[in-house]
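**Q** Protein chains in written order, with my numbering: chain R, 2 to 302; chain C, 2 to 302; chain F, 5 to 328; chain Y, 5 to 328.
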Amino acid sequence: MSTQFIPTQIKQRHTGPAKGSHDASDICRCHEPSEGIVVNGESYLPARRSVPIVSVRQLDQGVIELVICDRYMAEHARPAQFANLFTHDGLRLMPRPFGICEICGDEVSFIFAIVGAGTAQFAQMKAGDSIDVLGPLGKTFDLTSPDARYILVGGGLGVPPLIQAAQYLHDSGRENRTTAIFGYRKHHFADSIVGQYSDDVRSIDEEQGNVITVLDSMDAELRQISDPVVILSCGPTPMMKAVAFWASSRGIATQFNLEERMGCGYGTCVVCVVDTIHGRKKVCLEGPVFTAQELGWESER
Amino acid sequence: MSTQFIPTQIKQRHTGPAKGSHDASDICRCHEPSEGIVVNGESYLPARRSVPIVSVRQLDQGVIELVICDRYMAEHARPAQFANLFTHDGLRLMPRPFGICEICGDEVSFIFAIVGAGTAQFAQMKAGDSIDVLGPLGKTFDLTSPDARYILVGGGLGVPPLIQAAQYLHDSGRENRTTAIFGYRKHHFADSIVGQYSDDVRSIDEEQGNVITVLDSMDAELRQISDPVVILSCGPTPMMKAVAFWASSRGIATQFNLEERMGCGYGTCVVCVVDTIHGRKKVCLEGPVFTAQELGWESER
Amino acid sequence: MTTAIERTDALSSSQSLQDMLTLPWKHPTIVAGVPWKNPVGTASGTFNVEACSRFYDVAQMGAVSTKGVSIIPWEGNPTPRTAETPAGTVNSVGLQNPGLDHYLANDLPMLKRMGANVITNVAGHSDEDYIQVVERLADKPCDMLEINVSCPNVSHGGMSVGTDAKALHHLIGALRNITDKPMIVKLSPNVTDIVGIAKAAVDAGADALSLINTLVGMRINTTTGRPILANITGGVSGPCIFPIALSFVWRVRRALPDIPIIGIGGISNGDNALEYLYAGANAVEVGAAALLDPIAPLRIARELDDLLDARPELAEKLAEGRTW
Amino acid sequence: MTTAIERTDALSSSQSLQDMLTLPWKHPTIVAGVPWKNPVGTASGTFNVEACSRFYDVAQMGAVSTKGVSIIPWEGNPTPRTAETPAGTVNSVGLQNPGLDHYLANDLPMLKRMGANVITNVAGHSDEDYIQVVERLADKPCDMLEINVSCPNVSHGGMSVGTDAKALHHLIGALRNITDKPMIVKLSPNVTDIVGIAKAAVDAGADALSLINTLVGMRINTTTGRPILANITGGVSGPCIFPIALSFVWRVRRALPDIPIIGIGGISNGDNALEYLYAGANAVEVGAAALLDPIAPLRIARELDDLLDARPELAEKLAEGRTW
Ligand SMILES: Cc1cc2nc3c(=O)[nH]c(=O)nc-3n(C[C@H](O)[C@H](O)[C@H](O)COP(=O)(O)OP(=O)(O)OC[C@H]3O[C@@H](n4cnc5c(N)ncnc54)[C@H](O)[C@@H]3O)c2cc1C
Ligand SMILES: Cc1cc2nc3c(=O)[nH]c(=O)nc-3n(C[C@H](O)[C@H](O)[C@H](O)COP(=O)(O)OP(=O)(O)OC[C@H]3O[C@@H](n4cnc5c(N)ncnc54)[C@H](O)[C@@H]3O)c2cc1C
Ligand SMILES: Cc1cc2nc3c(=O)[nH]c(=O)nc-3n(C[C@H](O)[C@H](O)[C@H](O)COP(=O)(O)O)c2cc1C
Ligand SMILES: Cc1cc2nc3c(=O)[nH]c(=O)nc-3n(C[C@H](O)[C@H](O)[C@H](O)COP(=O)(O)O)c2cc1C
Ligand code: FES
Ligand code: FES
């Protein structure tokens, strides 16, 4: 999030408002219950709500980090989950889904590219403004393997869920090192962020090559690891397919975080489907994480 | 406008930014040309534009005064002209027409009741926010009679154009006194405003009677005046019709400021018509001022 | 700045979920003989029991209309299936659904276990398709049927039946012969003469009408010059269609004073729902608003319940299930 | 916060009126043989020369379509004639206009003096009405005719002709016999089969089609329970109808590759106009947006002119007046 803020010191996540020297932390006073709402013994997820914006800053040309304050999301979000953000503009009602990036105290960050009217409006927002959100949504990466080494392969704006994975693994005190391989067009805008959680950052930009170049360079190294290796990947589909091909030919397990245009983001409209070997699945509810095998990407190039 | 601000001292209108101790006057820095735009020798009216809000305050329960800064409007608006205000909400695109109330320097005030979603949104706006406006629109009261005495008969939220008439007559240094007869539901929210320009304020609220009660009480007084008497009136239609009837039976000239639902406010859509003895007329372009005679209201009750 | 989905005066957004789920309902209604806790249902295709019941108790809705169910699983149209439109959305799901067997084994039992008032929305490519579904539902515990003859996103059946009075009369007559369940026929707005279509449905035995389904629409990506939806055109829904849908309800109500009508289209608050009731609807269904907030249907039901307090005549009419 | 009427990337709102009125137009077009400075016209009923020429030089528009002109003056419907709808408006003006004599004595000469490319929008209650207007316009200096058979706000003529292929074929055939002027037929979206209607118009001799006119809609005042419009229903226009109108253009273009088409409905920026061109339109008309800002049509024309710079193929097609 902002640079003054030292999330690496917060080993224990979700411990209340961020400490440290966070500028706008007085904005973050969430009063919602941090648990779901319990009525007559049934527990319900919180629906759409208006939350304060803690900060908005530009990470790169057209790339924005937006931090909100929402205790429920901060406590419950897991890597690869996403949230719907909504504009204040009645002409643009639809949800804008974004991967949950960093979590510090009650604060949750998102990183997005300005690609259309909604993201342009979010980029104009300021600390103290309110924004409507729904989430966390979707399923998480499978990070249950106790001794796996995770390689995070991201492209462009696919990096937020991988940053969250790095933070999660780091904060949950696992011994295993993560390796972040982020492919950028030009500026390495997320390296310092993921670098807080992952001491092995091997990013690359278009002048230098692409994520496969980096993976290739790791080939020998990986063969020597006895721990299981798992690749978590998010980014443009051609990149993910290339990663799937690379990994499957080496017997390395992969999990992909997909994107699809969404109508609702919470599984009610069947708009966001992807073809899997088990039929058409909802990316928002049954994903966004799928394995190469489920997607039939193992043998594709 | 705001109380610290002493418009009665500003004899000369349109002399640049308001002086006095106006709180938010630093917001008012209009850079638009104060003349229309001249292209190839043709002069054009300024179209819709975004202008700063100088202040928003509540005058009474549900009654708001909103002051904008717009040099063009401040210089060109005349009594009974109105302006379209627009929400920022894409679900509510249509123009909201409001009578121009006070003008001080580059600042123009409006007074409105919160009656629907648009006015509710305007009431939420703050000094420094921007608002889109179009205007001034429509024709003005005929105030050309050099020695007439004007009686301003307003009801409810019909008072803004009458306040503007009082200010105009006052600031243009006419000798003639104006009498303001404002009929209120309860609180006399505009008396102190019109009192800056009119030293004869005879307002009334529902407990005390109505504007006809006041007119009746002036009957003898008016018969003794040798100057022509002109009634300017704006308010609910039944009130205006009663005024028309009262005045015509006494041979007193009347001018009415009408309201009608508008599509454009500048004469292009033929939505806002009223039946006159000369056929259907556009309230926004051929009005909003009509005489009792034009409206055929002389003999109606 | 209010959020884009406007809320009405009788603002239940200030109501806690606790209240929304536990307060008694003051203004129930009866639609084609079936009691509804309140006049607000969920619209088909925007309600999935598994997804929605995580956010609220679906038994609190007047009724829930399920996604269109076909006799065998349908895989729907390719993606992208949605594009944004001003104050709305256009979708081309194409009635993807896991088929009747899955519905009977999963969704319906779950809904009934939860206590929901269930409208099963029925889809088909041919008369035979519809007949098979309706036949198999005859002894199942769903409370009403909603025959979807108005989906613009399938090439056979769907809208082609709903835009042709004769074909519609034939289909509904056939269904009437095989079911005693209260049968709602859901109409398409993409027609010249809605009254003629509505009359055909009623003449053939419809117990109620629901209208409208989506209007045909599309968006184009101006970077590529190509339609955004893989299926090119889709169905427009959301606040943008509200005044259009309302006038369809009004026109059908004027022509057919006795048939129960469920108003659908662009409802985003209780006040919108109230407009439908004044236009002649006996109840409403909420569609796209639920895509923007899972609990929108419940919030709208609560807002309407409060607005009806001040309208005893209308509330009484609803309570008695009277139509015009 | 951007203002509600969105502006596109190729933002001409930063352009001064001076520039908007004086820069050369880079991308002209030809519609049914008539050269347009740019592909953007004003839509009928939202353009009045006296009102609009105070804000900008109307000769800068690709064309201006006048308010519907009838053979004798029409007084239109009672007020209120407008209500707001989500992202739009519904109007029931009912074609109030001062009649052909007034038009010929005032508006037309003024428009030609100003150098505008004039489309005369023609209204009628009967075939005979239309015939008389068209006959008398034969030798008048208007550049094109736009036959309005799609107004939802008059009880005879208007939409009733535009929703019946046979009646339409008859009327257009009759008009074709009496005029050599380029004749645009303006179609209604309130139909089941737009392609059948479009074909009827073209078969009978239409030189071009414009679509769409407004969709039937209404609003109800929930305080009184009564419709807001005195005429109860009206025509919906504005951004809300954009995706629907776009799909009408697309469908007609697919069926009729050779007829010039003018796309109308919900255009509020250059990017929206561009979507119509990609959908198959040769030009567009801007309606409701002009109600919200008098210079919206000019701004949109400038935005489109800039957007076409990056689309030489499309620009060339337009310049040559090619259709599909
Ligand atoms: C699960 C998921 C996670 C995502 N995470 C991120 C992230 O962390 N960072 C980031 O920059 N982007 C992310 N995206 C893409 C992001 O949702 C879109 O870039 C964004 O919605 C575009 O909004 P807009 O208003 O600027 O564009 P517009 O074109 O104005 O949007 C119009 C509509 O199309 C949808 N849309 C447009 N492009 C996309 C797209 N590529 N994917 C899905 N919907 C789209 C919008 O949500 C909206 O409903 C994610 C998408 C998904 C599905
Ligand atoms: C020439 C003119 C001058 C006016 N001056 C004033 C004034 O100085 N102070 C004041 O309080 N009110 C004035 N009004 C009325 C004011 O325009 C409406 O109260 C206001 O538009 C309501 O907006 P809303 O969004 O709150 O209501 P909504 O009901 O949400 O508005 C929906 C649409 O209906 C229109 N509308 C609703 N009520 C009216 C109405 N009574 N008259 C015209 N249009 C309406 C709105 O403009 C909008 O287009 C004036 C009206 C006109 C025509
Ligand atoms: C994503 C989506 C899927 C839909 N699927 C169905 C369906 O399966 N069956 C049906 O009858 N209507 C379906 N509809 C139409 C809605 O039930 C409703 O008629 C329409 O969306 C208008 O209401 P709204 O504006 O409230 O959304 C669907 C609508 C949407 C947005
Ligand atoms: C107030 C108003 C009046 C209209 N009058 C006419 C008319 O006289 N003749 C006609 O062909 N169309 C008329 N129309 C329809 C418009 O020309 C246009 O087809 C429609 O509004 C859709 O475009 P829009 O969404 O850009 O407004 C009118 C529309 C409005 C809003
Ligand atoms: S977006 Fe609605 S089901 Fe996935
Ligand atoms: S409001 Fe458009 S002509 Fe008056």
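Ideal Cβ placement from N, Cα and C applies to all residues, glycine included.
So, under 8 Å CB-CB, F:D211 and F:A47 are touching, yes? Tell me the CB distance rounded to an integer number of Å.
**A** F:D211 to F:A47, Cβ: 18 Å. No contact.
**Q** What residues in the stretch 266-283 of chain C have a beta carbon less than 8 Å from any beta carbon of chain Y?
**A** If the cut-off is 8 Å between Cβ atoms, the stretch 266-283 of chain C has Y267, G268, T269, C270, V271, V272, C273, V274, V275, G280 and R281 near chain Y.
**Q** Is the beta carbon of C:G91 closer than 8 Å to that of F:P377?
**A** This structure leaves residue 377 of chain F out entirely; chain F is present only between 5 and 328.
**Q** Name the residue from R:M240, R:G252 and R:D143 whose alpha carbon lies nearest to the alpha carbon of R:P289.
**A** Checked all of R:M240, R:G252 and R:D143; the closest Cα to R:P289 is R:D143.
**Q** Can you tell me which of the three DSSP states C:G157 falls into?
**A** Three-state DSSP puts C:G157 in a helix.
**Q** Can you tell me whether F:S130 is helix, strand or coil according to DSSP?
**A** Coil.
**Q** What does R:Y45 touch in chain F if you count any residue whose Cβ is under 9 Å from its own?
**A** Near R:Y45 (Cβ distances below 9 Å), the residues of chain F are L21, L25, S57, R58, F59, Y60, D61 and I299.
**Q** Do you know whose CA, among Y:L149, Y:I123, Y:P156 and Y:T33, lies nearest Y:N81's CA?
**A** Per the Cα distances, Y:P156.
**Q** Just mark Y:R326 as buried or exposed, buried being the case when its beta carbon has 16 or more other beta carbons within 10 Å.
**A** Burial call: exposed.
**Q** If I follow the unbroken alpha helix (DSSP H) through Y:P39, where does it start and stop?
**A** First-last for Y:P39: V38 to W40, but that is the beta strand (DSSP E), not the alpha helix (DSSP H).
**Q** By the three-class DSSP mapping on this structure, what secondary structure does F:T46 have?
**A** Strand.
**Q** Do Y:L179 and Y:V122 have their beta-carbon atoms positioned less than 8 Å apart in this structure?
**A** No, the Cβ-Cβ distance between Y:V122 and Y:L179 is not below 8 Å.
**Q** Please confirm if Y:F51 has its CB atom under 8 Å from at least one CB of chain F.
**A** False, the Cβ-Cβ gap to chain F never drops below 8 Å.
**Q** Could you work out which residues of chain C lie near R:L92, taking near to mean beta carbons separated by less than 7 Å?
**A** The contacting residues are G91.
**Q** If the cut is a Cβ gap below 8 Å, which residues of chain R does F:K185 touch?
**A** Per Cβ cutoff of 8 Å: no residues; F:K185 is ~25 Å from chain R at best.
**Q** Under 8 Å Cβ-Cβ, which residues of chain F neighbour R:M95?
**A** Per Cβ cutoff of 8 Å: T86, E88, T93, L295 and L296.
**Q** Does the structure place the stretch 217-226 of chain Y close enough to the stretch 197-205 of chain Y that three or more beta carbon pairs sit under 8 Å?
**A** Touching, no, given that fewer than three Cβ pairs across the two stretches are closer than 8 Å.
**Q** Go through the stretch 203-282 of chain C residue by residue and report every complete run of the alpha helix (DSSP H) that reaches 4 residues or more, in order.
**A** Runs of the alpha helix (DSSP H) inside the stretch 203-282 of chain C: 212-225 and 238-249.
**Q** Kindly list, in the order they appear in chain C, the residues whose Cβ is closer than 8 Å to that of Y:E150.
**A** The premise fails here: Y:E150 is roughly 17 Å from chain C at the closest Cβ pair, so nothing lies under 8 Å.
**Q** Mark F:W328 as exposed unless 16 or more other C-beta atoms lie within 10 angstroms of its C-beta, in which case mark it buried.
**A** Under this definition F:W328 is an exposed residue.
**Q** Do you know offhand how far F:E150's Cα is from Y:G98's?
**A** Taking the straight line from one Cα to the other gives about 37 Å.
**Q** Kindly list, in the order they appear in chain C, the residues whose Cβ is closer than 9 Å to that of Y:Q136.
**A** None at all; the shortest Cβ gap to chain C is about 22 Å.
**Q** Taking a cut-off of 5 Å, which residues have a beta-carbon closer than that to any heavy atom of ligand 2, in chain order?
**A** Taken from the N-terminal end onward, the list reads C:F83, C:M95, C:R97, C:P98, C:F99, C:G100, C:F113, C:A114, C:V116, C:G117, C:A118, C:G119, C:T120, C:L158, C:P161, C:E260, C:R262, C:P289 and Y:E88.
**Q** Could you tell me whether any non-hydrogen atom of ligand 3 is closer than 7 Å to the CB of F:D217?
**A** Note that residue 217 of chain F is Asn in the sequence shown here, rather than Asp. Yes, the beta carbon of F:N217 sits closer than 7 Å to at least one heavy atom of ligand 3.
**Q** By Cβ distance, which residues of its chain are closer than 6 Å to C:P161, with the 5 residues on each side in sequence left out?
**A** Once the five neighbours on either side are set aside, the close Cβ partners of C:P161 are G100, C102 and I112.
**Q** Relative to the C-alpha of R:G155, which residue among R:I213, R:D107 and R:G106 is closest?
**A** Comparing Cα positions, the closest option is R:I213.
**Q** Given F:R315, which residues of its chain have a CB within under 6 Å of its CB, disregarding the five upstream and five downstream residues?
**A** None.
**Q** Assign F:N225 to one of three DSSP states: helix, strand, or coil.
**A** Looking at F:N225 - three-state DSSP - the assignment turns out to be strand.
**Q** Nearest chain C C-beta to Y:G242 closer than 8 Å, yes or no?
**A** Yes, Y:G242 counts as interfacial toward chain C.
**Q** In its own chain, which residues sit with a C-beta less than 6 Å from the C-beta of C:A293, not counting the 5 before and 5 after it?
**A** The answer, listed in chain order, is A245, S249, T255 and E299.
**Q** Which value, in whole angstroms, describes the spacing of the CA atoms of F:G274 and F:P298?
**A** Their Cα atoms are separated by approximately 16 Å.
**Q** Tell me whether R:F291 counts as near ligand 1, meaning its Cβ is closer than 7 Å to at least one heavy atom of that ligand.
**A** Every heavy atom of ligand 1 is 7 Å or more from the Cβ of R:F291, so no.
**Q** Taking CB distances under 8 Å as the criterion, tell me whether C:P137 reaches chain R.
**A** False, the Cβ-Cβ gap to chain R never drops below 8 Å.
**Q** Quick check on C:N258 - is its C-beta less than 8 Å from some C-beta in chain Y?
**A** Closer than 8 Å: no.
**Q** Which of the three DSSP states is assigned to R:V116 in this structure?
**A** Coil at R:V116, not helix or strand.
**Q** Are three or more beta carbon pairs between the stretch 163-172 of chain C and the stretch 18-25 of chain F nearer than 8 Å?
**A** Counting Cβ pairs under 8 Å, fewer than three are found: no touch.
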